[in-house]
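**Student:** Here it is, the structure, as structure tokens.
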Amino acid sequence: MAHDATTAGDDLTPGIKGIAADWAGDRETFHVPWGKAMMWIFLLSDTFIFTCFLTGYMNVRASTRVAWPNPSEVFALEVGGTPVPLLLIAIMTFVLITSSGTMALAVNMGYRGDRAKTAALMFVTAAFGAIFVGMQAFEWTKLIVEEGIRPWGNPLGAPQFGSFFFMITGFHGAHVSIGVIYLAVVALKVLRGDYERRGYEIVEITGLYWHFVDLVWVFIFAFFYLW
Amino acid sequence: MAYVALADRDHEQHLHHPQSWITRWVFCQDHKVIAIQYSITAIAVGVVAMLLSSMFRMQLGFPDSFDLVTPDKYYQYVTMHGMIMVIYLLTALFLGGFGNYLIPLQLGARDMVFPFLNMLSYWVYLVSVLILMASFFIPGGPTGAGWTLYPPQAISAGTPGVNGGILLMLLSLAVFIVAFTMGGLNYVTTVLQARCRGMTFMRMPLSVWGIFVATVLGLLAFPALLVAAIMMLLDNLIGTSFFMPEMLTMGGQGEHNGGSPVLFQHLFWFFGHPEVYIVALPAFGMVSDVLSTHARKNIFGYRMMVWAIVAIGGLSFVVWAHHMYVSGMNPYFGFFFATTTLIIAVPTALKVYNWVLTLWRGDIQLTVPMLFAIGFIFTFTHGGLTGLFLGNVTVDLPLSDTYFVIGHFHMVMGVSPVLVLFAAIYHWYPKITGRMFSDTLGKWHFWCTLLGTYTVYLPMHYLGILGVPRRYWSYGSDFIPDSAQSLNSAITVAAIFVAASQLFFFINMIWSLRNGEKSGPNPWNATTLEWQTPNTPAVHGNWGDKLPEVHRWAYDYSVPGEARDFVPQTEPPHEGVVSGRDHGVEH
């Protein structure tokens, strides 16, 4: 089929000019499905939301007049009478990172066309996500009931500790919860064979979202618990 | 297997064909109908904002003659006027209205990539507008915090609307951002992934470039506003102290403790400055197309114009604190932000030169859209030059919070984009409706608007240099000289004149809908794809059976050797004729 001289991919100009011509070529810039391109752009936008939250948090934490509570004490878990710092968070992080692994396997199985395994791995991923949210609920309960920390006040020091903690982990937890639902819906549709005709890119698109949520957690973990 | 571009896979885009009146005109997924819905809603809410401005101008011009505008109402009207104009009119009309209409048509796509999401975007936008309008009807009325909503004053007792207006405002903004994100993702993905065969990046009309870069800015800047809105909502609703410092309020110790009001300002302006360019960049793009078409000449320096749009977009993220010179920052910050601010003048000035050079020795047709476009060059140059004053820290300090700022801001971001909007509406009206508007009414509208707005905003610069502060309900004669007050009265008269002269526009638009001459598919002899549709107005799916194919750039006007003075983008190269510079081919 005769192509226009400018059709992307047919332009064999070498070097940087060739790359630029390829990117700026006609029809599509990235050779990916529309949904995948859109998910990437959405995640970029969402990155800015979390960045604003975390920058705001760092700004206030650096400038507060009242001392910030010590994270290794506040987030410690009592095991047999001794407080172990960061225990719960370590488990939560481990669970979430593991779920990224099962998600990656699901994407692989999707492209192989193995519907049953894809759906199963996605359900496992969703289950890990649900476990994560459950543990987060446990942590919130502990902070609220045992330590008496509230969004508007904090007996251990700066009131902004509670405000930022509940807001940012809550916002992230909402992302995880939405991801669990999203995964479950897509997994069910995979199982039903809804994507046989259009291909299994949707699994990867769902995976992009899920990996993003994991990545954000790494930053929250670093800035909130390790600082 | 060779990779097949998605637009070429026939099953990729399932056009949802309307079945009934409801799906054709109400819950419609066609980008053109959504564009019209967006535009009508935005213009309607803009009229509300314009009426509010007339009312508070009456108070300012003739302070002792009216009881209508009390101090509380004055602040509420000023706040609502600003917020509605910037967000709910300009952003929504440029991106939701023209973005929706022009992107698929100018790129040769059948629709946006996700039409359902696009439809949802409009309805969520409508909800945000309704929430905002509802604040007029609740006890206490809308918020009177000023459009920047600075805490602590925005949520402290004594500010009008503190018991509900501010909540509805923040909620409405959050909902608007959701709506914008749904639309914006669509616009960006459509531009990146759904262009027709032959439509390379460097063949896109500048309208699309402007809308594209502005949408990217929006997707990255609105998150800051969303975060600020969420945090202020929490401060107000459940008593957190993100932005609220420890302070005395109404003679007692406030409930808040240790928050940072300057943090809000940073978040707000990290959104707020790109927002200026979210509005300006589509205007730059659309005015370029209008100027080139009606001057019968290719746009001067197309490639420069594209890079200027991209450069302005990038720079707009590193200038935000020039809005905060008086807020108390490290002086080195002021130095940094003044430098970046002045650097942004370089690509902007480049664009102005290129517009003027496009007109230079062109075959200028003084049609109504062209008049508005040329008017824009004037107002934008004036507004831009006063921006250089305010970008310098030492000059800004005495001028800050005076009428100089009001004058500058309204020239550069009020009048200029609105003139482009009018140019664009007149320019694309024949394509949208299939009819021509009345030239006479259009010219009356132009001259009244241009001269009227100059009469309103030029004297404000003088008032500002005199030191007249903004956001004052009333100036007694011992506070400002009588001469300044009489200038104030004159401004009010001019403002009401401008508001009234918009009737020319509305009458013209509505009357021409039925009585205008049939326009034919391409009344301006324009080159871009939207004028080459098989039907006018374009029908659902835009292109009939076959998608268009593009063979040249968007600005082949008056090419030597061609029979006509324009060559549509769809025409294959003509033998023996050297086409205008086509940046689509790289060899």
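These protein sequences, in sequence, are chains A and B. Residue numbers 1 to 227, in my numbering, belong to the letters of the first sequence in order. Residue numbers 1001 to 1587, in my numbering, belong to the letters of the second sequence in order. Don't be surprised by glycine CBs; every beta carbon is placed ideally from N, CA and C. Being a predicted model, the structure only gives us computed values, none of them experimental.
#1: Could one say the Cβ of residue 34 of chain A lies closer than 8 Å to chain B's Cβ atoms, at least one of them?
#2: Output needed for residue 1355 of chain B: all residues of its chain with C-beta closer than 6 Å, excluding positions within five of it in sequence on either side, in chain order.
#3: Indicate the three-state DSSP secondary structure (helix, strand or coil) for residue 1248 of chain B in the structure shown.
#4: Any contact between the segment 1437-1456 of chain B and the segment 1507-1527 of chain B? By contact I mean 3 or more CB pairs, one from each, below 8 Å.
#5: Determine the DSSP secondary structure at residue 17 of chain A, reduced to helix, strand or coil.
#6: Sort out for me which residues DSSP pairs residue 1557 of chain B with in a bridge.
#7: Would residue 38 of chain A count as contacting chain B if we go by Cβ distances under 8 Å?
#8: Quick one: Cα of residue 42 of chain A to Cα of residue 1185 of chain B, how far?
#9: Please list the residues of the segment 1104-1138 of chain B that have a C-beta atom closer than 9 Å to any C-beta atom in chain A, keeping them in chain order.
#10: At the 8 Å Cβ level, is residue 160 of chain A part of the contact set with chain B, yes or no?
#11: Okay, do the segment 23-36 of chain A and the segment 1184-1198 of chain B touch, 3+ Cβ pairs below 8 Å being the bar?
#12: Using CA atoms only, rank isn't needed, just tell me which of B/1144, B/1449, B/1187 is closest to residue 1167 of chain B.
#13: Measure from the C-beta of residue 1195 of chain B to each C-beta in chain A and report whether the shortest distance is under 8 Å.
#14: Are the C-beta atoms of residue 1224 of chain B and some chain A residue less than 8 Å apart?
#15: Could you check the C-alpha separation between residue 1471 of chain B and residue 1174 of chain B for me, to the nearest Å?
#16: Run the CB neighbour count on residue 174 of chain A, radius 10 Å, all protein chains shown included, and call it buried at 16 or more, exposed below.
#17: When you check each C-beta in the segment 119-152 of chain A against every C-beta of chain B, which residues fall closer than 8 Å?
#18: Examine chain B for any beta-carbon lying closer than 8 Å to the beta-carbon of residue 223 of chain A, and answer yes or no.
#19: Mind listing the chain B neighbours of residue 41 of chain A? Cutoff is C-beta to C-beta under 7 Å, in chain order.
#20: For the segment 1271-1291 of chain B against the segment 1202-1212 of chain B, are there 3 or more C-beta pairs whose distance is under 8 Å?
#21: What three-state label does DSSP hand residue 1079 of chain B in the structure shown?
#22: Round the Cβ separation of residue 1387 of chain B and residue 1412 of chain B to the nearest angstrom and send it over; I've been treating them as touching at under 8 Å.
#23: To which residues does DSSP link residue 1197 of chain B through a beta bridge?
#24: Give me the chain A residues within the contact set of residue 1080 of chain B, using Cβ-Cβ distance strictly less than 7 Å, ordered along the chain.
#25: Closer than 7 Å by beta-carbon distance: list the chain A residues that pair up with residue 1354 of chain B, in chain order.
#26: Just to confirm before moving on: does the CB-CB distance between residue 270 of chain A and residue 1263 of chain B stay below 8 Å?
#27: In chain B, what lies closer than 7 Å to residue 115 of chain A by C-beta?
#28: Could you check where the alpha helix (DSSP H) with residue 1487 of chain B kicks off and where it finishes?
#29: DSSP on residue 169 of chain A, reduced to helix/strand/coil?
#30: Label residue 1468 of chain B either buried or exposed according to how many other C-beta atoms from any shown protein chain fall within 10 Å of its C-beta, with 16 as the threshold for buried.
#31: Pick from B/1431, B/1550, B/1218: whose alpha carbon is nearest that of residue 1522 of chain B?
#32: With a cut-off of 8 Å, does the C-beta of residue 1281 of chain B fall near any C-beta of chain A?
#33: Buried or exposed: residue 23 of chain A, going by 16 or more other Cβ atoms within 10 Å of its Cβ?
#34: Secondary structure at residue 136 of chain A, three-state DSSP: helix, strand or coil?
#35: Taking a Cβ distance cut-off of 9 Å, strictly less, list which residues of the segment 18-29 of chain A are near chain B, in chain order.
#36: Any idea what DSSP makes of residue 1435 of chain B, helix, strand or coil?
**Tutor:** To lay it out plainly:
#1: Yes - at least one Cβ of chain B is within 8 Å of the one on residue 34 of chain A.
#2: Only 1291, 1377 meet the Cβ criterion.
#3: For residue 1248 of chain B, the three-state secondary structure derived from DSSP is strand.
#4: By the Cβ rule, the segment 1437-1456 of chain B counts as touching the segment 1507-1527 of chain B, because three or more pairs are nearer than 8 Å.
#5: In the three-state reduction of the DSSP assignment, residue 17 of chain A falls in the helix class.
#6: Looking at the DSSP assignment, residue 1557 of chain B forms a beta bridge with B/1566.
#7: Chain B contact via Cβ: present.
#8: Going from the Cα of residue 42 of chain A to the Cα of residue 1185 of chain B covers about 7 Å.
#9: In summary, the residues of the segment 1104-1138 of chain B whose CB is separated from some CB of chain A by less than 9 Å are 1113, 1114, 1117, in the order they occur in the chain.
#10: For residue 160 of chain A, the answer is yes, since a Cβ of chain B falls inside 8 Å of its Cβ.
#11: Yes, they touch.
#12: Out of B/1144, B/1449, B/1187, B/1144 has the C-alpha closest to the C-alpha of residue 1167 of chain B.
#13: True, the Cβ-Cβ gap to chain A drops below 8 Å.
#14: Yes, its Cβ sits closer than 8 Å to a Cβ of chain A.
#15: So the two alpha carbons sit approximately 26 Å from each other.
#16: When all chains shown are included, residue 174 of chain A counts as exposed.
#17: Here the close residues are 151, 152.
#18: Residue 223 of chain A does not count as touching chain B.
#19: Correct list: 1185, 1188, 1189, 1219.
#20: Touching, per the Cβ criterion.
#21: In the structure shown, the three-state DSSP call for residue 1079 of chain B is helix.
#22: Indeed they touch by this definition, with Cβ atoms about 6 Å apart.
#23: The beta-bridge partner set that DSSP reports for residue 1197 of chain B consists of B/1549.
#24: Identification of chain A residues near residue 1080 of chain B by a Cβ-Cβ cut-off of 7 Å yields none; the smallest Cβ-Cβ distance measures about 26 Å.
#25: Listed along chain A, no residue sits closer than 7 Å to residue 1354 of chain B by beta-carbon distance, the nearest being about 20 Å off.
#26: The shown model of chain A, from 1 to 227, leaves out residue 270 of chain A, and the question about it has no answer.
#27: For a Cβ distance threshold of 7 Å, nothing in chain B lies close to residue 115 of chain A: the least Cβ distance comes to about 20 Å.
#28: Taken as a continuous stretch (DSSP letters only), the alpha helix (DSSP H) holding residue 1487 of chain B covers 1482-1515.
#29: Residue state for residue 169 of chain A is assigned as helix, using DSSP reduced to three classes.
#30: Here residue 1468 of chain B is buried. Its C-beta has 16 or more other C-beta atoms within 10 Å.
#31: Among B/1431, B/1550, B/1218, the Cα nearest to that of residue 1522 of chain B belongs to B/1431.
#32: No - not a single Cβ of chain A is within 8 Å of the one on residue 1281 of chain B.
#33: Under a 10 Å Cβ-count criterion, residue 23 of chain A is classified as exposed, with fewer than 16 other Cβ atoms of the shown protein chains found around its own Cβ.
#34: Helix.
#35: Taking 9 Å as the cut-off between beta carbons, the residues of the segment 18-29 of chain A near chain B are 18, 20, 21, 23, 24, 25, 26, 27, 28, 29, in sequence order.
#36: Three-state result, residue 1435 of chain B: strand.
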